[in-house]
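Asks:
Residue numbers (the working numbering): 37 to 119.
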């Protein structure tokens with residue numbers, strides 16, 4: 037019913053396998069949560085997922101870690117696949 041993934045999209049060739057795997061791994065109407073730091077490949081993936089009818093409820097979190105000069109950012113996409 038729920039599939040979680042974080043920081044899995046690095047290269048363009050990672051997009052299609054994930055777009056294919058997720059619907060195979062989930063029951064109809066299942067949810068896929070993807071956490072990603074804003075790489076371009078993730079933006080392309082999100083657009084392709086939406087084009088396939090996946091609903092996306094995204095939230096971006098920003099946190100400044102004590103040992104870093106600038107804040108870190110991660111977006112969590114809560115996709116719901118079509119039933």
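For each residue, glycine too, the CB sits at the ideal point set by N, CA and C. Since the model is a prediction, treat every value here as computed from it, not as a measurement.
(1) With burial defined as no fewer than 16 other Cβ atoms inside 10 Å of the residue's Cβ, what is the status of residue 85: buried or exposed?
(2) In three-state DSSP terms, what is residue 54?
(3) Curious, which full-length beta strand (DSSP E) runs of at least 3 residues does the stretch 41 to 100 contain?
(4) Take residue 116 as the anchor and find which of 77, 89, 47, 41 has the nearest alpha-carbon.
(5) Could you tell me how far apart the beta carbons of residue 45 and residue 54 are, in whole angstroms, since I believe they sit closer than 8 Å?
Replies: Let me spell this out:
(1) Translated into the one-based positions of the chain shown, residue 85 becomes position 49. So residue 85 ends up on the buried side.
(2) Translated into the one-based positions of the chain shown, residue 54 becomes position 18. Looking at residue 54 - three-state DSSP - the assignment turns out to be helix.
(3) 67 to 72, 91 to 99
(4) The residue given as residue 116 occupies position 80 in the chain shown. Considering only alpha carbons, the answer is 89.
(5) As a working mapping, residue 45 is identified with position 9 in the chain shown. As a working mapping, residue 54 is identified with position 18 in the chain shown. Their Cβ separation, rounded to whole angstroms, is 7 Å, which keeps residue 45 and residue 54 in contact under 8 Å.
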